[in-house]
Amino acid sequence: MLKRFDWRHIPLLLFTAFAIGPLVLIFSNSLKSKEEFGENPLGFPKELHFENFAEAWVVGGYGQAFTNSLIVAVSCIVIICISASLAAYALAKVRFRFSNSILGFLLLVMSIPMGLFLVPLFYVYQNLGLMDSLLGIIIIYSAIFLPFNIFLLRSFFVSIPDELLDSARVDGCNEFQILTKVVFPLALPAFLTVMLLVGLWTWNEFFFANAFLQTEELKTVATKYLAFTGRFGNDWRLISAAGVITVMPILLLFVFLQRKFIEGLTEGSVKG
Amino acid sequence: MKNKVTVVLLLMVIALITSACGGANDNDAAQTDDEAVEISWMTYPPFTPEYETMLKDQIAAFEDEHPNIKIDWITNDDAVQLTRQQLAAGAGPDVVYADGPMTLRRFASAGYLEPLTDQVDTYKWNDRFYDWALSTGYQDGELYGLPKSYESVVVWYNKDMFAENGWDIPTNLKELQSLNQTIQDEDIIPIAFGASDYRASNEWALTLMYNAYLGKDAMKDVISTEMKWNDDLVKEATQTWVDMWQNGDVSDKQSHAITNDDAWSLFNNGQAAMKIEGTWASNRVMGDAQNFDVGFFVMPALREGIEENIPLALGGSTGINANSEHKEEAIVFLDWLHDIEASEMEVKLGTFNPLVDLDIANVEDVAPITKDIFNEITSYMEKDQVGYASWTYWPPSANYYLWDNIEAVFIGQMSVDELLDQVQKEAEKDKEEGLLFEFE
Amino acid sequence: MSVAKHSKQHWKKSLFPWLLLAPSLLLLLFVVGGPIIGTIFLSFTDWDGIKAPSFVGLENFSRLIHDKTFYIALANNIKWMAIFLTIPVIMALIVALLISKIARGKLFYRTVTFIPYILSTVVTAKLWSLIYNPFSGVNTALEDWGLDFLAQSWIGDSAIALFSVAFADLWHFWGFLVVLFLMGMQQLDKSIEEAAVVEGAGRLRVFWHVTLPQLRPTLVLIYMLLIIWSFAAFDYVYIMTQGGPGKSTELLATYMYDLAIYNYQPGYASTVALTMGLFAGLVIIGFRFIQKKGWDV
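Residue numbers (numbering that gives the first Met the number 0), protein chains in the order written: chain A, 0 to 271; chain B, 0 to 439; chain C, 0 to 296.
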């Protein structure tokens, strides 16, 4: 009955330790008292101080920030899934002039340091009344995270055999139906990846959020956290607790999506 | 089944987006309903909870006195950079906070700020402010802003530790060096300093060392480029600091690898005996962060033949946006912020507005250390033994080059001569661009 | 009649891809189109970010050629790229291969290796700053274990500071590559591999001659991304060392940021940014060259 132990688990467990070791540090520090952190910054806590989380939640003002980040993340996911998938399909399966130039343009956008966009964007946003609004930041995120996701989806669409699309055409599907009935269902795992990544990136982005969202009620989780680390610079138990709070929702989302993700991968397997 | 899920998700998204937009509209409606004029004011986030409470109290007190004005207080970690970018885009807060007179005058020279010269008599600013402080707000004969919080750099030290070991406060360079050695022999770090999160803080130490070594007159000559930045005297001053660093006196040669907060931890834990920082740090030592007595001393004159001095700086300057739609109300708030009432609220937290009438003796519940700091600065001002802090007086590009490269000198990537030759070039550039401080 | 219909169809056909691209292109032109043009314009000006910019021709570019810090930053970017093109790719490839081969626990390993990537940059950078802290970080633990000789001034020693910072980024990032590899492996044709094994080929040979070539599209994508992102790297250096000690960890992006923000020279900063764009342009040319050779990505 005893199954043979797979040697592969040994290196995998080593890599696992590498990946989560530092994380354990955050969790254990978030539960220490201030005194204990001073004496013992790297070890496990002797007593558990769960009240650190309550304190961090209140002084960090995370309640409203969570709603804001959620609105931003969900909106960006929808916008990017729709526009990136259409563009990716065009770049993967439709032959037309300039398609390579557009790929080049997308790469260029990905490689430009975003910091330089600030001043020109201020001009535009000021005139359009998009400053200090969630809509404004949603537009920025959708644009800057778009190119990568187009590439991701495109690399997935490329692997869909042309014969499959041709047979759908023979069956009387128009181009749009091919997209919705054939390509998108096949690419479900890729969409899940896109959703996850966009959710993750928007949740953690702080550079633009810090510059474009000024009203306290509109700030996102990442900017709140940045301000938090500035204000409580050497109170590591609070910084760690706030860090855990910041990470938690996205961690849960990931663990939840991860199952779907695997299911999608096996269901949507193209060549198998 | 899957389609249904998609539809529900989509509906949720639409609901979220519309509710977000709706929220924004509600805000607009609230503003128009209210007859009060709203004035926006952006600052850095308050660095302690006490400070936040005080600022909120200030705003509440102002709004009580002026029911027709509401203050929209915005905080941002890059407040001044953001203000600069917004001003460049023709926007920005009504009340413009700048991190010092230099920034204020840069804004003014670009035409972003409203001239306030006509208001000087109305509000009696000439009588209320120290002359040296108010004069920093002038550009081409017009006043563009009011000076905020004067400050200096001192050496904070662990009083208990000094007493237990029988260490004395040094009165010259020799004593300072031997004190450092004595402390090191006890396996304690003499001076805590950390700059990895904010490398510009290296200028605090440079300000202290240069003023103490050059003396106020030579310092002034260097600032106005009458004496060169690569003069032997400046080289000696720099070398003195570099030697101390390389000797392990400063954070055990790790000042570039730890943050300012880390440096404070070293001091608070008793791993370090002294900490170099501005007088604003009094709010770090008046709570219960340390379980020992904290004192401070003014850096002694480090060279024969000069008097010790306390380098002065202004922590901020505030002006009015030239594009503001409510300039009148903004000026009322600006004036109120520098009123004796508002200033007395701030004094407790170690922020001293440069008002002639401000006397810490009139204020209740002030921590003794804050009182000492206030009185010490005032006494040096009365003795006219004041030096010149980098972030208010030094040529900006030269100062930038200095703090940006001093760590390279520490770790031997650059020589003191190389550093100061380039600093001199930068100072000449500053001079060409009219960015030198104009002494009267 | 039939000609007209045909041309209408043709017109429809050539319009179709543009319709699909329209939302993306509009969004990108709105957010990044203007700024790119702005950057190009500003790189030919002397601008302090406050007064009106003045046109100076190629002055900024001749300054760039003699700018020591620029070369230090460029060299650091290349080192950064060298680190990222090797260590995380090898790690991720090994882990992805192992995961794809095991029968049980796939989900577990996928989840834990990806978890660091979930942390925000600020949290990660702060965490690693704590670990590297010379007075309370990993050094104290090493000393406790009697491994003093391993204790380093991780971000204070100019010889290793860049690597230390890159390592923090790498720890955060490599799980992402595992996912990309796993996605790529999902598309593999397992039958070829099995056939090779049946024919008696060793594990390494199968990997080298069968698995790796099939992963080529994924590898090309990953390498392209890593090259591009290495040139735009910013966050970790900005939070952990701000380019210090000295210029040991200065990158092009942090140098540009310092110039634009602290040193009041957004004009010259734009020139630095433009050169970063040029490097990206070179990568794109290389990518198209690879495409022409028939390696689709």
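For every residue, glycine included, the Cβ atom is placed at its ideal position computed from N, Cα and C.
Among the residues of chain C, none has a CB under 9 Å from the CB of I339(B); the nearest is roughly 33 Å distant. The beta carbon of W240(B) sits closer than 6 Å to those of M208, all from its chain and outside the five residues before and after it, given in chain order. The Cβ atoms of G318(B) and L115(B) lie closer than 9 Å to each other. Classified as buried, H171(C) has 16 or more neighbouring CB atoms from the shown chains inside 10 Å of its CB. Here L92(C) has F180 as same chain residues with Cβ atoms under 7 Å from its own Cβ, once five neighbours each way along the sequence are excluded. The Cβ of L115(B) sits no closer than 9 Å to any Cβ of chain C. If the five residues before and after G155(C) are omitted, its C-beta is found closer than 7 Å to the C-beta atoms of P133, P244, all from its own chain and listed in chain order. Here F231(A) carries a coil assignment [DSSP, helix/strand/coil]. Closer than 8 Å at the C-beta level to chain A, one finds these residues of the segment 78 to 91 of chain B: L81, Q84, Q85, A87, A88, G89, A90.
The segment 47 to 58 of chain A makes no contact with the segment 197 to 212 of chain A; the number of CB pairs closer than 8 Å stays below 3.
DSSP places D120(B) in the uninterrupted alpha helix (DSSP H) bounded by 118 to 121. One thing to note: G136(C) has its Cβ within 9 Å of the Cβ of P40(A).
Within the segment 250 to 284 of chain B, the residues whose Cβ lies closer than 8 Å to any Cβ of chain C are, in chain order, D251, K252, Q253, H255, A256, I257, T258, D261, S264, L265, Q270. When the beta-carbon positions are compared, V346(B) and T369(B) come within less than 9 Å of each other.
In chain order, S27 place their CB closer than 6 Å to the CB of F43(A), counting only its own chain and leaving out the 5 sequence neighbours on each side. In the DSSP assignment, D71(B) falls within the beta strand (DSSP E) that extends over 68 to 74. Taking a Cβ-Cβ threshold of 8 Å, the residues of chain C close to W235(A) are L129, in chain order. Any Cβ of chain C closer than 9 Å to the Cβ of N75(B) would place that residue at the interface, and such an atom is absent. Residue V219(C) holds the alpha-carbon nearest to the alpha-carbon of I289(C) among V219(C), I159(C), D257(C).
Put simply, of D234(A), F150(A), T15(A) the residue whose alpha carbon is nearest the alpha carbon of P216(C) is F150(A).
For S29(A), not one C-beta of chain C is nearer than 9 Å to its own C-beta.
For K78(C), no beta strand (DSSP E) encloses it; the enclosing alpha helix (DSSP H) starts and ends at 67 to 100. Measuring C-alpha to C-alpha distances from P146(B) to each of M53(B), N171(B), W166(B), D98(B) identifies D98(B) as the nearest. The three-state reading of DSSP puts P310(B) in strand, counting E and B together. If you draw a straight line from the Cα of Y387(B) to the Cα of I257(B), it comes to about 27 Å.
Closest in C-alpha terms to W335(B), from the list D383(B), W124(B), A360(B), comes W124(B). Listed along the chain, the chain C residues whose CB falls inside 9 Å of the CB of A64(A) amount to none; the nearest CB is some 13 Å away.
Taking CB atoms only, P244(C) has a neighbour in chain B less than 9 Å away. Taking 9 Å as the threshold, the shortest C-beta distance from G103(A) to chain C falls below it. For M41(B), the three-state secondary structure derived from DSSP is strand.
Contact annotation, F332(B) with I73(B): C-beta distance approximately 14 Å; criterion of less than 8 Å not satisfied. Between the alpha carbons of T110(C) and V254(A) lies a gap of roughly 7 Å. For the segment 289 to 303 of chain B, the beta-carbon criterion of a distance under 8 Å to any beta-carbon of chain C is satisfied by none of its residues.
L133(B) has its alpha-carbon roughly 10 Å from the corresponding atom of P100(B).
For K147(B), DSSP records a beta bridge to G315(B). Contact of F230(C) with chain A by beta-carbon distance below 7 Å involves S110.
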